[in-house]
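Enquirer: At position 569 of the sequence shown (counting the first as 1) the number is 569 in UniProt numbering, and the numbers step up by one without a gap. Backbone N, C-alpha and C fix where the C-beta goes; we use that ideal spot for every residue, glycine too.
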Amino acid sequence: MSDKNVWTAVWPKGSDVAADVASVSRRHFVKGIGATLVAGYGLGGNVAAGVAASLAATPGQVPAGTAKFTHPGLLHTEADFLRMRSKVGAHASPWIDGWEVLVANGHTKLTNEPNPQPVIRRGGGNENYWILYNDIAAAYGDALRWKVSDDPRYAIKAVEYLDRWASTLTALEGNSNVALAAGIYGYQFANVGEIMRSYSGWSAAGLAAFQKMMRNVFYPINYSFLHRPVDVKRTHYWANWELCNLASMLAIGVLCDDADIVNDAVEYFKNGAGNGSIGKAVYFVHPGNLGQWQEAGRDQGHTMLGIALAGAICEMAWNQGIDLYGYDNNRFLAGAEYVAKSNLKQPDGAFYTVPFATYQNCDVTQTVFSTGSQGGGRPCWALVANHYINRRGLAAPYSRRFAEQMTPEGGGGNYGPNSGGFDQLGYGTLTCTRDPGTPAPTPTGLTAYASAGKAVLSWWGCSDAVSYNVKRASNAGGPYTTIKRGITDLLTYTDTPPAAGPYFYAVTAQRSSGESALSNQAKVITAVQLLAHLSFDEGSGPAAADSSGNGHTATLNGATWATGRHGHAVSLNGTGAYVALPDDLLSDVSDFTIAAWVFWDGSQNWARIFDFGAGIGRYMMLTPSADRRSNNGAVRFSLTVNGFGDQMIDAAAELPSKRWVHVAVTLSGSTGTLYVDGAPAGSNARMFLAPFRLGSTTQNWLGKSQYAADAGFNGLIDDFRVYRGALSAAQVVSLMDS
């Protein structure tokens, strides 16, 4: 399905569109923006009049949140410009090399003239968006030349671009590709304005007019794209579509001193429903902290665009005191290292290989890494390498190599093949290069999980380390025994402990000066342990106690008590009753077993025995009967981290009804097994997902689905158990017999 068709399928032409856009506009935008939005998304001019009319009585802009912002404080701060001036003045490499690329770029000729347009179109007919991106490249280049050289002629020229566009541009139009224009050119233009606000020759009225243009023309499209009512098609757009709009929102929020816009962008980056959120953009983190990018199965030009956009977001947030670089254990760095490694060549001339986990969204299934445009470059690596290596003291070997390969990074269309021309502002060698900083004192971010009796470790290294040593202990805090020395690449190790049980791991860095102190400690439990046990024997009251001793008490919501297979059971009516378990029950669990006795009345399709997750994008569930139309009805276990590409285990038939049945699901490494009445009923030996990859789960339910339209479970549940670790087939039978 084309991007435009997705929009028109969700917002078909007609008055309903007007109502939807008007509703959004009243809450978030200025008067009159709704019509521009509709025209911009190619939804038809017949809707525009209705939207405009519905907004006629709307007062001006909703009052914006305010906060104290650092200015200039997007991609560059005043401290950054001071460093650039000093280094260029001293003719120090590589800054002077980056400066010479900037000076040689034809966009910064003082004889150039702005070419503002009242309407910019991207997508559909009569496109003219290249006019805008060329003028932005010119204005940005002029702004840099002013800040580094202190030549006022370039400040005057940069302001001329800003003032003339602010007094001319009224709308962005086109098909769905207008969202790319609003995002890419929005964050770039806002960065120019942010630099030039420190120029005393730019009038207050000029700055205000520019801020108004950014808020009224670019921001509404950014917002409506990210908050589009397309729940079922949320993953249709690639990560870079959302990332560019996030970058624009964040930049406009800072430019306009609007904390609400900034907070919205930051929250979406962390937890958004679409592929612009970092947990979906970096779809899967392989051992060694190689973060598979969401577009890795598409082509490499677009994966690098994602790194450029996410890097810009992280840098702009960092300059306002918000650390998105380090969020979720440096998840962005994991993505950058994966993309850099897969686009670099080994000494023999062959590209490095990277692991690949099947990716699926609502439109595509990708089973292999794409070599399309592999090895091309974009001017984004200086920013990544300098933050993590020189600011934070971490090891980022592949990002470092790519930054060195791209030096000096150009801008304004002059930076190499497969570069996206004007998709980035560029000049990162000049603007982002830093002197070496202090190396991290120890390895950091050590993580570990159990997999089929083994312990899989990954960590972040130190910028000056030669190699790494892995240590293991049987007790928290040691004493530790070194079990592996001399690890260089990747920063991962898989240990096979001598026996089942809990183990504690730490890592040290080996430097030329000696061995570092220990990293953080990571605990791995390779033994099978009872994590939660709801016997449901209370027989009354709103709570079900956890007899495992771990305090995972469950709460009955509309559920009642009934006679169980042993003692009492919880009774669910199929019309809304369910049992809620505590949040994050499985947040540190990899291999697992979930088992229960179930008495199902047999009347529901897609009902849930259990469903643990955080909405329709992240869950693991067990249903007694999956879709009878496509599967003839069958017991199914399913686990997904993005709402598609479920890792499934299917039985051959639906769960027997109107009698007590014992069900169990186990995961050991990559092998999942489904048991019915103690006998294996289905298996899947290619499961690369595990419960901990769901992240935080706040909707852990018995009898209720993450999908509101699914039926509730009608029947009884007794003796519900969750184990850390996979029971063997014999142990499942023993549990059933007991």
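Classify R485: buried if its beta carbon has 16 or more other beta carbons within 10 angstroms, exposed otherwise.
Expert: Stepping through the sequence shown from its first residue, residue 485 is reached at position 485. Exposed.
Enquirer: DSSP three-state call for Q346: helix, strand or coil?
Expert: Along the sequence shown, read from residue 1 onward, the residue named residue 346 stands at position 346. Reduced to three states, the DSSP call for Q346 is coil.
Enquirer: What is the DSSP secondary structure of D163, reduced to helix, strand or coil?
Expert: For this step, residue 163 is matched to residue 163 along the sequence shown. Three-state DSSP puts D163 in a helix.
Enquirer: At which residues does the beta strand (DSSP E) containing W202 begin and terminate?
Expert: Your numbering for residue 202 matches position 202 in the sequence shown. No residue range can be given for W202, since it is assigned to no beta strand (DSSP E) and is classified by DSSP as neither H nor E.
Enquirer: Note down the Cα distance separating R26 from T433, rounded to an integer number of angstroms.
Expert: By 1-based counting over the sequence shown, the position of residue 26 is 26. By 1-based counting over the sequence shown, the position of residue 433 is 433. Confidence in R26 is poor, its pLDDT being 34 and thus under 50, which makes the residue's placement unreliable; the coordinate value appears in the next sentence. Using only the alpha carbons, I get a separation of about 44 Å.
Enquirer: Taking 6 Å as the limit between beta carbons, can you name the residues of its chain near Y140, skipping five residues before and five after?
Expert: Counted from its first residue, the sequence shown places residue 140 at position 140. Same-chain partners within the cutoff: V192 and L425.
Enquirer: Report the CB separation of P114 from L169 in whole angstroms; it is logged as a contact under 8 Å.
Expert: To locate residue 114, count along the sequence shown from 1; it is residue 114. To locate residue 169, count along the sequence shown from 1; it is residue 169. Contact between P114 and L169 is absent: CB atoms are separated by about 11 Å, not below the 8 Å threshold.
Enquirer: Less than 9 Å between the C-beta atoms of L226 and L309, yes or no?
Expert: Indexing the sequence shown from 1 puts residue 226 at position 226. Indexing the sequence shown from 1 puts residue 309 at position 309. Cβ distance not < 9 Å, so L226 and L309 don't count as in contact.
Enquirer: Specify, as a first and last residue, the run of the alpha helix (DSSP H) that G715 falls within.
Expert: Translated into positions along the sequence shown, residue 715 becomes position 715. Counting along the chain, G715 falls outside any alpha helix (DSSP H), though it belongs to the beta strand (DSSP E) covering N714 to R724.
Enquirer: Is it true that the CB of M84 sits closer than 9 Å to the CB of T431?
Expert: The residue you call residue 431 lines up with position 431 of the sequence shown. The residue you call residue 84 lines up with position 84 of the sequence shown. The answer is yes: Cβ separation under 9 Å.
Enquirer: Using 10 angstroms around the beta-carbon of P441, count the other beta-carbons present and answer buried if the total reaches 16, otherwise exposed.
Expert: What you label residue 441 is simply residue 441 of the sequence shown in a count that begins at 1. Counting Cβ neighbours within 10 Å, P441 comes out exposed, since fewer than 16 surround it.
Enquirer: So the candidates are G678, W146 and R618; which of them puts its Cα closest to the Cα of V733?
Expert: By 1-based counting over the sequence shown, the position of residue 733 is 733. With distances taken between Cα atoms, V733 lies closest to G678.
Enquirer: Using the three-state DSSP reduction, which class does E127 fall into: helix, strand or coil?
Expert: In the sequence shown, counting from the first residue as 1, residue 127 sits at position 127. If DSSP states are grouped into helix, strand and coil, E127 belongs with coil.
Enquirer: Have a look at V570, A209 and R122 and flag the residue whose alpha-carbon is nearest the alpha-carbon of V160.
Expert: Start at 1 with the first residue of the sequence shown, and residue 160 comes out as number 160. Per the sequence presented here, residue 160 reads as Glu, with Val not at that position. Nearest of V570, A209 and R122 to E160, Cα basis: A209.
Enquirer: Compute the Euclidean distance between the alpha carbons of N46 and N175, then round it to the nearest angstrom.
Expert: Within the sequence shown, residue 46 is the residue found at index 46, counting from 1. Within the sequence shown, residue 175 is the residue found at index 175, counting from 1. Here the model assigns N46 a pLDDT of 30, short of 50, so the residue's position is not dependable and the matter cannot be decided.
Enquirer: Does the region 637–653 come within contact of the region 612–628, defined as at least 3 CB pairs closer than 8 Å?
Expert: By the Cβ criterion, the region 637–653 is in contact with the region 612–628, since at least three pairs of Cβ atoms, one from each stretch, lie closer than 8 Å.
Enquirer: Examine the Cβ distances between the region 211–221 and the region 149–156 and report whether three or more of them are shorter than 8 Å.
Expert: In short, these stretches do not touch, since the Cβ pair count stays below three.
Enquirer: In angstroms with no decimal places, state the Cα-to-Cα distance between G551 and A544.
Expert: Counted from its first residue, the sequence shown places residue 551 at position 551. Counted from its first residue, the sequence shown places residue 544 at position 544. Between G551 and A544, the C-alpha separation is close to 11 Å.
Enquirer: With distances taken from CA atoms, which of Q510, S705 and T482 is nearest G576?
Expert: For the purposes of this step, residue 576 is taken as the residue at position 576 of the sequence shown. The shortest C-alpha separation from G576 is found at S705.
Enquirer: With a threshold of 7 Å on Cβ separation, who are the neighbours of P63 within its own chain once the five nearest residues in sequence on each side are excluded?
Expert: Within the sequence shown, the letter at position 63 stands for residue 63. Low confidence applies here, because P63 scores a pLDDT of 38, under 50, leaving its location unreliable and the question unanswered by this model.
Enquirer: Cα-Cα, which of C256, D257 and G279 is closest to E267?
Expert: Here residue 267 is taken as the residue at index 267 of the sequence shown, counted from 1. Checked all of C256, D257 and G279; the closest Cα to E267 is G279.
Enquirer: Where does the unbroken beta strand (DSSP E) through L639 begin, and where does it stop?
Expert: Taking the sequence shown and counting its residues from 1, one reaches residue 639 at position 639. R636 to T640 is the span of the beta strand (DSSP E), which, as asked, contains L639.
Enquirer: Grab me the residues of G682's own chain with a C-beta within less than 6 Å of its C-beta, minus the 5 sequence neighbours each way, in chain order.
Expert: Along the sequence shown, one-based indexing puts residue 682 at 682. Result list for G682: I649, D650, A651 and L674, in chain order.
Enquirer: Unbroken alpha helix (DSSP H) runs of length 4 or more, entirely within the region 204–292: which are they?
Expert: 204–213, 219–226, 239–255, 259–271 and 278–281
Enquirer: Compare the Cα-Cα distances from P478 to each of R686, T488 and Q521 and report the closest residue.
Expert: In the sequence shown, counting from the first residue as 1, residue 478 sits at position 478. For the record, residue 478 in the displayed sequence is Gly; it is not Pro. It is Q521 whose Cα lies nearest to the Cα of G478.
Enquirer: With DSSP collapsed to three states, give me the class of C380.
Expert: Position 380 of the sequence shown, counting from 1, holds the residue named residue 380. Three-state result, C380: coil.
Enquirer: Let's see if you can read the secondary structure: which residues bound the alpha helix (DSSP H) around Q706?
Expert: Residue mapping note: residue 706 aligns to position 706 of the sequence shown, counting from 1. For Q706, there is no enclosing alpha helix (DSSP H), as DSSP marks it with neither H nor E.
Enquirer: If you compare alpha carbons, which of F536, V368 and L655 is closest to G564?
Expert: Working through the sequence shown from its first residue, we reach residue 564 at position 564. Comparing Cα positions, the closest option is F536.
Enquirer: For A726, count the other beta carbons within 10 Å of its own beta carbon; 16 or more makes it buried, fewer makes it exposed. Which is it?
Expert: By one-based count along the sequence shown, residue 726 stands at place 726. The residue in question, A726, is buried, as its Cβ has 16 or more Cβ neighbours within 10 Å.
Enquirer: Can you tell me the Cβ-Cβ gap for M316 and A251, rounded? I've got them flagged as a contact below 8 Å.
Expert: Against the sequence shown, residue 316 aligns to sequence position 316. Against the sequence shown, residue 251 aligns to sequence position 251. The pair is a contact, with the Cβ atoms about 6 Å apart (cut-off 8 Å).
Enquirer: On the three-state DSSP scale, how would you describe S668?
Expert: Working through the sequence shown from its first residue, we reach residue 668 at position 668. Here S668 sits in strand by DSSP.
Enquirer: To the nearest angstrom, report how far apart G672 and V722 are at their CA atoms.
Expert: For the purposes of this step, residue 672 is taken as residue 672 along the sequence shown, with counting starting at 1. For the purposes of this step, residue 722 is taken as residue 722 along the sequence shown, with counting starting at 1. Distance from the CA atom of G672 to the CA atom of V722, rounded to whole angstroms, is 15 Å.
Enquirer: For I389, which residues in the same chain have their Cβ closer than 7 Å to its Cβ, ignoring the five residues on either side in sequence?
Expert: The count along the sequence shown starts at 1 and reaches residue 389 at position 389. A396, R400 and S463.
Enquirer: From the DSSP output, which residues share a beta bridge with residue 751?
Expert: One cannot answer for residue 751 here, as it falls past the ends of the chain, which runs 1 to 738.
Enquirer: What is the DSSP secondary structure of D142, reduced to helix, strand or coil?
Expert: For the purposes of this step, residue 142 is taken as residue 142 along the sequence shown, with counting starting at 1. DSSP places D142 in helix when its eight states are reduced to three.
Enquirer: Taking 8 Å as the limit between beta carbons, can you name the residues of its chain near Y578, skipping five residues before and five after?
Expert: In the sequence shown, counting from the first residue as 1, residue 578 sits at position 578. Result list for Y578: N557, G558, A559, L572, W701, L702, G703, K704, G712 and F713, in chain order.
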